[in-house]
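Line by line, the protein sequences are chains A and B. So for the first sequence, numbering that gives the first Met the number 0 puts the first residue at 0; every next one is plus one. So for the second sequence, numbering that gives the first Met the number 0 puts the first residue at 0; every next one is plus one. Take a look at the structure set out below.
There are 2 protein chains.
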Amino acid sequence: MSASDSSRQRSDKNGSERAEHLAGLIMALARREGMKTGDRLIEQRLADALDLSRAPIRLGLKALEAAGLARGEPHRGFVLAKNPTSSAAQPALAAVRRNEQVYATVAGDVLASRLPADVTEAELMRRYDVTRAELQRLLDRIAAEGWIARLPGYGWRFAETVSSPEAQTQAKAFRAVIEPAAIAQPGFTLPQEVIVRLREHQQRVFEGELEKMTIGEIFHSGCEFHEEIIRGAGNPFFLEALRRVNSIRRLFAYRSFADRDGMRRHVREHLRLLDVLETRRYAEAADLMARHLQRPLVAGLS
Amino acid sequence: MSASDSSRQRSDKNGSERAEHLAGLIMALARREGMKTGDRLIEQRLADALDLSRAPIRLGLKALEAAGLARGEPHRGFVLAKNPTSSAAQPALAAVRRNEQVYATVAGDVLASRLPADVTEAELMRRYDVTRAELQRLLDRIAAEGWIARLPGYGWRFAETVSSPEAQTQAKAFRAVIEPAAIAQPGFTLPQEVIVRLREHQQRVFEGELEKMTIGEIFHSGCEFHEEIIRGAGNPFFLEALRRVNSIRRLFAYRSFADRDGMRRHVREHLRLLDVLETRRYAEAADLMARHLQRPLVAGLS
DNA sequence: AATTGTATATTATTGCATAAAAGAACAATC
DNA sequence: GATTGTTCTTTTATGCAATAATATACAATT
């Protein structure tokens, strides 16, 4: 109860919660894109990347400036004042996560089977002390991720997918089917520029960035890699299916510990895969992918 | 504008819309289960099957009685008064469909690319003349089916999956990957009772019922068959993925014409597949399924 | 030409009172 | 013993006004 009381109060204060959240989104984006101190933060570009208009972006930028992470001059826009991987940037990134507190709690409770399969909104409102509006946003999001669905009458039902202890293994088995198959599809092709971009990113991760990344970011990066590749099949059903598995795998990821060495090897395999893809040896690539997905992964990461 | 005006008026009249809808659900269930005139309609059983409590079921039953499709005696419950496949039952079934009018219109507009990829709720409310509440239920449903997603700011975005002309082919390619693979999974097994139930149903369809079924029902029946089988892999990710493809394929189904002969052959293949599955020759079954899914299907049905 | 600044229009959310729907418990009946 | 009838409680939906957030258009600036 105290948690949400304080969050409600926070929103009354200055520096609106929303603006801080937006600031976090911008910072996280900058980080993903590998931006450095001094790089320009162009409003329209950020807006496009985040599927928003310039208005909210502007709020985020102002919040960043207030936090000392960006510097703005009239008519000259904003510029990164700190490296997004630096420790100074952490609070802004954490603001996004803080916003996800309830989400994470629910996820934890479901994973640990502390919640019944069927729940009513009223129950959840009481349990997590959120307003109906907040809860509904949360449920919509979880529904979009596919681990809860509305019942015909009152209430919602959690998907068996999540609570089961084998879920992790099953997700792996499923990926081991669709990912190689996608690469082996007749029309599969990956534009050179995508390969270059992916390689750059994996390279950056491999050469040091890894140490500075959070579990969440490492996981996200892995997902993006695999999703970009499966996109090459030109069949959105493959991509969609992978996305859904990944959004559920993300729940487990929080529980897993960081095995940096395993991850290093993992990223090396990604780079190797890119080499094979670049030369269009797709059968071989499919094979490589299959083996890649069969490795025992301590950290539940791929 | 007139469409929704009249529907709003209808709800003012007696015989509430909701009750009629429930009546339709019960009738559709009875039909799926192959019930006949004189069969008892047990409240709790219906409630369980429809994931509701007895209260709404009761409303539906009363509506059925009012429509002359069920007969009830005090303390003795209700009994089917008409065969659910008879023409007398059609209006009740149509009531469910009528409720889906807007859904169907939207689906049609998206399939025909008459709508932009990004839309706001306000636009949709104007275009289809529905209240915000109605629209939100609709959007939630479509989101659950996976062909629209909420944007971070205002508005929603339709999935590329649907509007593309290749969607049908792509759906098929995807199924051709996951369904055989599911059968080929190490732990695959199908309980004898499921096989029996499926065979009974397919048999019934094969021997005549087919002629009386609507496109929607035929499609539904096919989906159920394949979903039951993929469930045998014991991996919910396969089932989930198939369900999603199917919910999108259903959109195309309405456009396709009925090729009863092709369907007959199709059902025969289903029966053949069950034979192989029964003897646990899973490798062979996977193969059969792969071939089954590769046949050119005029009616877009499987 | 690209980008930012600003004003304005559009769109969506929230809170609240009221209404409707669904669920649960238990008695009555077959 | 299973099922229906009945009543009561809980849960959710809806409409509306106020408020907040987002989008858009265009002028100003580099």
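The C-beta atom is built at its ideal place from N, Cα and C for all residues, glycine as well.
To which residues does DSSP link Ile147 of chain B through a beta bridge?
B:Phe157
Arg113 of chain B lies in the beta strand (DSSP E); which residues open and close that run?
It is not in any beta strand (DSSP E) - Arg113 of chain B carries neither H nor E in the DSSP assignment.
Residues near Ile41 of chain A by beta carbon distance below 7 Å, same chain, minus five either side
Gly76
N-terminal and C-terminal residue of the alpha helix (DSSP H) that Leu241 of chain A is part of:
235 to 252
Same chain only: Cβ atoms within 7 Å of His20 of chain B, ignoring 5 sequence neighbours per side
Ala94, Val95, Asn98
Distance CB(Leu68 of chain A)-CB(Thr36 of chain A) smaller than 7 Å
no
Listing by chain order, which chain A residues have their CB less than 9 Å from the CB of Leu28 of chain B?
Ordered by position in chain A, no residue passes the 9 Å Cβ test against Leu28 of chain B, which lies about 12 Å from the chain.
Report the neighbours of Gly59 of chain A on chain B: residues whose CB is nearer than 8 Å to its CB, in chain order.
Result: empty, since nearest Cβ-Cβ is about 12 Å, beyond 8 Å.
Could you run through the segment 243 to 254 of chain B and flag, in chain order, every residue whose CB is less than 9 Å away from some CB of chain A?
Arg243, Val244, Ile247
Keeping to the same chain, check which residues put their C-beta closer than 6 Å to that of Asp38 of chain B; ignore five residues upstream and five downstream.
Leu79
Where Glu210 of chain A falls, given that 16 or more other Cβ within 10 Å makes a residue buried:
exposed
Within 7 Å (strictly less), CB to CB, does Phe173 of chain B reach chain A?
yes
Any idea which residues DSSP pairs Glu72 of chain B with across the strands?
B:Gly76
Count the other C-beta atoms from every protein chain shown that fall within 10 angstroms of the C-beta of Tyr127 of chain A, then say buried if there are 16 or more, exposed otherwise.
buried
Decide if the segment 49 to 60 of chain A is in contact with the segment 106 to 114 of chain A; the criterion is three or more beta carbon pairs, one per stretch, under 8 Å apart.
no
How would you label Thr160 of chain A, buried or exposed, when you count the other beta carbons within 10 angstroms and need 16 or more for buried?
buried
For Asn98 of chain A, report the span of its alpha helix (DSSP H) as first-last.
89 to 98
Straight-line gap, Arg140 of chain B to Trp155 of chain B (C-alpha atoms, nearest Å):
13 Å
By alpha-carbon positions, which one of A:Ser163, A:Ala87, A:Leu292 ends up nearest to Leu114 of chain A?
A:Ser163
Tell me whether Leu45 of chain A sits in a helix, a strand or coil according to DSSP, three-state version.
helix
Cutoff 7 Å; reference Val275 of chain A; Cβ partners in own chain excluding five residues on either side
Glu283, Ala284, Leu287
Indicate the three-state DSSP secondary structure (helix, strand or coil) for Leu40 of chain B in the structure shown.
strand
For a quick check, are the C-beta atoms of Leu272 of chain A and Ala175 of chain A less than 7 Å apart?
no
Interface partners of Ile177 of chain B on chain A, CB under 7 Å
Val176, Ile177
Asp11 of chain B, DSSP secondary structure in three states:
Because Asp11 of chain B carries a pLDDT of 37, less than 50, the predicted location of this residue cannot be relied on, and the following value inherits that uncertainty. Looking at Asp11 of chain B - three-state DSSP - the assignment turns out to be helix.
For Leu110 of chain B, which residues in chain A fall below 9 Å Cβ to Cβ?
Here the premise fails: no neighbours, minimum Cβ distance about 15 Å.
Buried versus exposed call for Pro179 of chain A [16 or more other C-beta atoms within 10 Å across all chains shown]:
buried
Please check if any C-beta of chain A sits within less than 7 Å of the C-beta of Thr130 of chain B.
no
So which residues of chain A does Ala289 of chain B contact, with C-beta pairs closer than 8 Å?
Here the premise fails: no neighbours, minimum Cβ distance about 12 Å.
Buried or exposed: Pro55 of chain B, going by 16 or more other Cβ atoms within 10 Å of its Cβ?
buried
Does the CB of Glu159 of chain B have a neighbour CB from chain A at under 7 Å?
yes
Using the rule of at least 16 other Cβ atoms within 10 Å of the residue's Cβ for burial, across every protein chain shown, is Glu72 of chain A buried or exposed?
exposed
Closer than 7 Å at the beta carbon, the chain A residues around Asn234 of chain B:
Gln169, Ala172, Phe173
Are the segment 239 to 247 of chain A and the segment 195 to 205 of chain A touching by the rule of at least three beta carbon pairs closer than 8 Å?
no
Buried versus exposed, by CB contacts within 10 Å (16 or more), Ser220 of chain A:
buried
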